[in-house]
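> Just so we're aligned: 291 in full-length UniProt numbering is position 291 of the sequence shown, and the numbers increase by one with no gaps anywhere.
Just so it is clear, CB atoms sit at the ideal spot from N, CA and C, and this is done for glycine as well.
Provided herewith is a single structure, encoded as structure tokens, for subsequent inquiry.
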Amino acid sequence: MSMEYEEQLAGSLVDSFPKDFGYGVENMDMMQENMENSPSADNKPRILLMGLRRSGKSSIQKVVFHKMSPNETLFLESTNKIYKDDISGSSFVNFHIWDFPGQVDFFDPTFDYEMIFRGTGALIFVIDAQDDYVEALGRLHLTVSRAFRVNPEINFEVFIHKVDGLSDDHKIETQRDIHQRANDDLADASLEKLHLSFYLTSIYDHSIFEAFSKVVQKLIPQLPTLENLLNIFISNSGIEKAFLFDVVSKIYIATDSSPVDMQSYELCCDMIDVVIDVSCIYGLKDDGNGNAYDKESLAIIKLNNTTVLYLKEVTKFLALVCILREESFERKGLIDYNFHCFRKAIHEVFEVSSSTQRTGVAVQSSPPSSSGNGLSRLKSAALNGTPRSLV
Ligand SMILES: Nc1nc2c(ncn2[C@@H]2O[C@H](COP(=O)(O)OP(=O)(O)OP(=O)(O)O)[C@@H](O)[C@H]2O)c(=O)[nH]1
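Take a look at the structure:
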């Protein structure tokens, strides 16, 4: 990864990060005041990263959203403040991500946790799978049960983290054990309605990006519409798999409804890295101005197994990455025409969202029509798309 790319992509992040505020018993009033007056008091949902000390929360945030290499996280200092990370300036993922310090007594009576949970979309609880996790499970139960009582709409996500150190058998066994114990604790507290989702994650491979993708997708109201658009697009273009990527984070916002295999996802992530790196080295102006990713961004990579990877810009933050066979790529004209319709439809979906948000009109969503040619079907999908605000 070139330095230019990191600067380019991280430029606007750096300006907004860290918008942290002190935390600790002496800082609580100041923190609450900051939270109420801060932009997070707007409608953007929060994703909270919680868990015991050294479980890997800051590393996850830095690797996924700040392009930090996994090895560099070894030198991260323990977090002793809440880091509120607003990544919306440079990413489609328009959320605030709050990284909580592991050691704080979150349930200190002077601390208004209700206010925090009320505006929360997802709570990610990180458990270090290489450590004894009994204490973490107790903390998980306490955290999710309190949060659920305040806001039952929160998505509760458990990252069984650092699994790179475990054998495959050990991974499965750890996941089964944590799943069982966490749900037993909930059943004992009559909280069966509280649903926990579990993911095996590590910052040393793509599992953390894949898990974060799933967390973020649950918070995107337009997801069914995006999936429909992708299904129609690939079935009319002879494409095997398509991902709609947030370029900065490499989180996939949506994919068609065929199953995702990790290798395809990794291949597409690697393609994004290659494209942006090459673009930074050879695509910027002599004075270093310009963008590594813009309207012109497009790449075709032919692999030696008759597979073609095809990347095209969709919006300022999104790229479509497709996997297809060489013989299907012979009909590139058709693919490009369908892509043009797809792109237009995506823009319309989000235009409807933002105008709906401005006027406050609530429009019922409906699934796209299944008849008609590619263009009209895509258009109808877009116009019928879930016109709610993205975030
Ligand atoms: N093996 C392995 N180590 C990891 C992984 N993720 C994080 N770590 C390491 O775990 C240690 C702690 O990571 P942090 O991100 O600082 O943990 P934290 O939860 O933010 O800790 P506090 O700030 O004290 O709450 C660091 O040395 C990381 O390099 C992972 O996926 N695998």
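At the level of alpha carbons, what is the spacing between Met262 and Pro109?
Taking the straight line joining both Cα atoms gives about 44 Å.
> Helix, strand or coil: how does DSSP classify Met68 here?
Note: Met68 maps to coil in three-state DSSP.
> In the DSSP assignment, what are the bridge partners of Glu218?
At residue 218 the sequence reads Lys, which differs from the Glu that was named. In DSSP, Lys218 forms no bridge with anything.
> Please list the terminal residues of the continuous alpha helix (DSSP H) segment that includes Asp169.
Here the alpha helix (DSSP H) through Asp169 covers 168 to 188.
> If you reduce the DSSP assignment to three classes, tell me which class Phe117 lands in.
DSSP places Phe117 in helix when its eight states are reduced to three.
> For ligand 1, I want to know if Pro143 counts as a neighbour, meaning its beta carbon is within less than 7 Å of at least one of the ligand's heavy atoms.
Per the sequence presented here, residue 143 reads as Thr, with Pro not at that position. No, since every heavy atom of ligand 1 falls outside the 7 Å radius drawn around the Cβ of Thr143.
> Is there contact here, the stretch 136 to 152 with the stretch 169 to 185, by at least three beta-carbon pairs under 8 Å?
Judged by Cβ distances under 8 Å, the stretch 136 to 152 makes contact with the stretch 169 to 185, as three or more pairs qualify.
> Let's see if you can read the secondary structure: which residues bound the alpha helix (DSSP H) around Cys269?
Cys269 -> alpha helix (DSSP H) spans 262 to 278.
> State the start and end residues of the unbroken alpha helix (DSSP H) segment that holds Phe148.
Counting along the chain, the alpha helix (DSSP H) containing Phe148 begins and ends at 134 to 150.
> Work out the CA separation of Gln130 and Lys162 for me, nearest whole Å.
Distance between the alpha carbons of Lys162 and Gln130 is about 6 Å.
> Grab me the residues of Val126's own chain with a C-beta within less than 6 Å of its C-beta, minus the 5 sequence neighbours each way, in chain order.
For Val126, where only same-chain residues beyond five positions count, the Cβ hits under 6 Å are Gly51, Ser55, Gly56, Lys57, Phe159, His161.
> What would DSSP say about Ile154, mapped onto helix, strand or coil?
The answer is coil: DSSP assigns Ile154 none of H, G, I, E or B.
> What would DSSP say about Ser237, mapped onto helix, strand or coil?
Three-state DSSP puts Ser237 in a helix.
> Cutting at 7 Å between CB atoms, please list the residues of its own chain near Phe329, excluding the five before and the five after it.
For Phe329, where only same-chain residues beyond five positions count, the Cβ hits under 7 Å are Val308.
> Confirm the yes/no value for this check: CB of Gly56, any heavy atom of ligand 2, distance under 7 Å.
Of the ligands one can find in the structure shown, namely ligand 1, none is ligand 2.
> Enumerate in chain order the residues of its own chain whose CB-to-CB distance from Leu324 is below 6 Å, with the five nearest sequence positions on each side excluded.
If we look at Leu324 and ignore the five residues flanking it on each side, its Cβ neighbours are Ile239, Glu240, Val308.
> Where do the ends of the beta strand (DSSP E) carrying Ser197 lie?
That run of the beta strand (DSSP E) goes 196 to 201.
> By alpha-carbon positions, which one of Ile272, Ala292, Ser279, Ile281 ends up nearest to Leu311?
Ranking Ile272, Ala292, Ser279, Ile281 by Cα distance to Leu311 puts Ile272 first.
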